[in-house]
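Inspection log for the structure reproduced underneath, given as structure tokens.
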Amino acid sequence: MSDFVRNVRLWFAPEQVRDEGGTPDYRFSLANERTFLAWLRTALALIGGGFAVDQFLPDLRWAWRVGLALALLGAGVLCSLRAVNHWVRCERAIRRGEDLPASRFPALLSLVVAIVAVAMVVVVLVGWAG
Amino acid sequence: MGGVSPAPGPVDRDPGLQPERTRLAWRRTTLSATVAAVLAVKTALHGRASTAGAVGCAVCCALWLGFLWVAHRRIRTLASGARPPALVPRQATTAVLCTVALAVCAAVLVA
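Right, dumping it as structure tokens:
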């Protein structure tokens with residue numbers, strides 16, 4: 001947990017990241033930045049999906065609609081926070097010449113997306129029948 | 131990335147076009163943010179015109195502008211030289227906070 005708090009402090013403190021290790025090849029930093037942006041786009045897509053569920057499925061019952069929308073929005077928030085955390089960790093690992101951090105998050109996110117997708121199918125079929 | 135440094139040519143630029151690719155990644159991300167913001171404004175203005183809807187709309191627009199501002203500054207930095215400096219954590223955090231705030235707005239508007 002203290003490791004996480006230290007990472008959060010690093011989000012706001014550019015000097016501290018720069019203090020550690022040597023300056024890497026700028027191309028590695030740019031590649032890390034593009035990965036961060038790709039995760040941020042994923043987060044934005046999830047948030048857009050949350051809005052879309054609310055807007056374009058008006059016939060759903062309120063609980064289902066709000067539940068699905070909030071699940072997508074929550075996934076978007078987690079994804080964006082994880083994006084910046086992972087970026088800081090990778091940047092530090094690159095500077096120190098360590099291995100890049102391994103992560104369980106992609107598997108977790110794909111599971112959540114799969115569950116939400118199955119829920120959508122069920123909801124649409126039930127909505128059709130009912 | 132072969133470890134062979136390129137011969138210094140007349141124009142000093144990265145043969146892998148890394149700064150350009152990163153700039154385009156920022157452009158794609160602003161595009162995603164625009165789509166999310168448009169959906170947010172649509173949600174905010176969906177019901178009858180109300181104060182809450184107007185406030186939600188204004189907040190979402192402000193967050194979108196904040197994101198755009200970060201992206202614009204970073205793109206200018208990337209375009210400034212052949213060896214652009216790394217992303218500053220504060221910019222990354224600002225972009226992420228705009229995204230999170232948009233999601234919080236969405237949760238308030240939806241629920």
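Top to bottom, those sequences are chains H and G.
My numbering puts the first residue of the first sequence at 1, with every later residue one more than the last.
My numbering puts the first residue of the second sequence at 131, with every later residue one more than the last.
Note that the Cβ used here is the ideal one computed from N, Cα and C, for glycine as well.
Nonlocal neighbours in the same chain, by C-beta distance under 7 Å from residue i, ignoring five residues either side
i, result
"W87 of chain H", "N32, F36"
Minimum C-alpha distance to residue i - residue among the options
i, options, result
"A38 of chain H", "G:A225, G:G211, G:C235", "G:A225"
"F12 of chain H", "G:V234, G:L227, G:T223", "G:T223"
"C79 of chain H", "H:L109, H:V5, H:R6", "H:L109"
"A83 of chain H", "H:D3, H:R41, H:R6", "H:R41"
"T164 of chain G", "G:A212, G:P214, G:S210, G:F197", "G:F197"
"A216 of chain G", "H:D3, H:V5, H:R6, H:R27", "H:R27"
"L232 of chain G", "H:V5, H:F51, H:F4, H:P101", "H:F51"
"E115 of chain H", "H:L81, H:L72, H:V5", "Reading the sequence as shown, one finds Ile at residue 115 of chain H and not Glu. Checked all of H:L81, H:L72, H:V5; the closest Cα to I115 of chain H is H:L72."
"T236 of chain G", "H:I47, H:P58, H:R61", "It should be pointed out that residue 236 of chain G corresponds to Ala in this sequence rather than to Thr. Nearest option by C-alpha distance: H:I47."
"A119 of chain H", "H:R6, H:A102, H:G67", "H:G67"
"A45 of chain H", "G:A174, G:W199, G:T173, G:L169", "G:L169"
Three-state secondary structure assigned by DSSP to residue i
i, result
"A43 of chain H", "helix"
"S110 of chain H", "helix"
"N9 of chain H", "Per the sequence shown, the amino acid found at residue 9 of chain H is Arg instead of Asn. Reduced to three states, the DSSP call for R9 of chain H is helix."
"G139 of chain G", "The pLDDT assigned to G139 of chain G is 48, lower than 50, so where the model puts this residue is not dependable; a value taken from the coordinates is nonetheless given after this. Here G139 of chain G sits in coil by DSSP."
"M131 of chain G", "Any reading at M131 of chain G needs caution, since the residue's pLDDT is 49, under 50, leaving its predicted position unreliable; the model's value is listed next. Coil at M131 of chain G, not helix or strand."
"A117 of chain H", "helix"
Span of the alpha helix (DSSP H) around residue i
i, result
"E150 of chain G", "148-174"
"S210 of chain G", "181-210"
"P145 of chain G", "Segment: none, P145 of chain G is in no alpha helix (DSSP H) and carries neither H nor E."
"R220 of chain G", "219-240"
Beta-carbon contacts of residue i that lie in its chain and below 8 Å, excluding the five residues immediately before and after
i, result
"S29 of chain H", "E91, I94"
"R204 of chain G", "W156, L217, Q221"
"P24 of chain H", "I94, R95"
**OP:** Report the residue ranges of all beta strand (DSSP E) runs contained in full by the stretch 12-100 of chain H; include only those spanning at least 3 residues, in chain order.
**Re:** none
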